[in-house]
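Engineer: Read in numbering that gives the first Met the number 0, the sequence shown has 18 at position 19, and its numbers run on one by one without any break.
Think of the CB as a built atom: it goes at the ideal place given N, C-alpha and C, for glycine as much as any other residue.
Computed from a predicted model, the values in this text were never measured in an experiment.
Below is a structure I'd like to ask you about.
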Amino acid sequence: MPKIERSATVTWEGNVARGTGHISGDTGAFGDLPFSLPTRIGQSEGKTSPEELLAAAHGGCITMSLATQLTQAGTPPGQLDVSCRIVMDEVEGQGHQIVASFVEAAVTAEGLDDAALQELFAKADEGCPFSQLLRRAGAEVHASARLA
Numbered sequence: 000m001p002k003i004e005r006s007a008t009v010t011w012e013g014n015v016a017r018g019t020g021h022i023s024g025d026t027g028a029f030g031d032l033p034f035s036l037p038t039r040i041g042q043s044e045g046k047t048s049p050e051e052l053l054a055a056a057h058g059g060c061i062t063m064s065l066a067t068q069l070t071q072a073g074t075p076p077g078q079l080d081v082s083c084r085i086v087m088d089e090v091e092g093q094g095h096q097i098v099a100s101f102v103e104a105a106v107t108a109e110g111l112d113d114a115a116l117q118e119l120f121a122k123a124d125e126g127c128p129f130s131q132l133l134r135r136a137g138a139e140v141h142a143s144a145r146l147a
């Protein structure tokens, strides 16, 4: 696989407590996603956060990894429904840190049984660069899959 590089641009105005920002993907796939400290730590009010974007990235990555594993095993997915929840918490002496990611997948694939799914999902998690990144950073990664 070739080296992959992607970029985003962030604009912020004001102090951290009352300021607001916007995140845009340089590809144009998404743009002007608003975020702020109050909506990051409280109610989202339709705005995003770095943690939500990380959840989307981890969920998307492991979904593609699982689709690859299923296809290579001869049981290509009919549908994958994957959710990811990122947890940030206070870590003593380190401030706020990403401490966990919880990934849950519901899988529809003809000819796939639960034992095969669990084996393939473990390989998908192992092959997902975001799972590996989070683990190397000390975060727990909890990944589970079930047949839909």
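#1: Using the beta-carbon count (16 or more within 10 Å), is Pro76 buried or exposed?
#2: Let's see if you can read the secondary structure: which residues bound the beta strand (DSSP E) around Thr8?
#3: Taking DSSP's pairing of strands, which residues face Thr19 in a bridge?
#4: Can you list the alpha helix (DSSP H) stretches of 4 or more residues lying completely in the region 107-135, in chain order?
#5: If you follow the beta strand (DSSP E) that Ser143 is part of, which residue opens it and which one closes it?
#6: Cutting at 7 Å between CB atoms, please list the residues of its own chain near Ser64, excluding the five before and the five after it.
#7: Does the region 138-147 come within contact of the region 114-123, defined as at least 3 CB pairs closer than 8 Å?
#8: To which residues does DSSP link Ile3 through a beta bridge?
#9: What residue does the alpha helix (DSSP H) around Glu44 start on, and which one ends it?
Structural biologist: Straight from the coordinates:
#1: The residue you call residue 76 lines up with position 77 of the sequence shown. Classification for Pro76: buried.
#2: For the purposes of this step, residue 8 is taken as residue 9 along the sequence shown, with counting starting at 1. Segment Ala7 to Glu12, the beta strand (DSSP E) holding Thr8.
#3: What you label residue 19 is simply residue 20 of the sequence shown in a count that begins at 1. Paired residue(s): Glu12.
#4: 113-126 and 128-135
#5: As a working mapping, residue 143 is identified with position 144 in the sequence shown. Ser143 -> beta strand (DSSP E) spans Glu139 to Leu146.
#6: Indexing the sequence shown from 1 puts residue 64 at position 65. Closer than 7 Å at the Cβ level, and outside the excluded window around Ser64, lie Ala123, Gly126 and Cys127.
#7: yes
#8: Indexing the sequence shown from 1 puts residue 3 at position 4. Answer is none; Ile3 lacks a bridge partner.
#9: As a first step, residue 44 is located in the sequence shown; it is residue number 45 there, counting from the start. Element bounds for Glu44: n/a, residue is neither H nor E.
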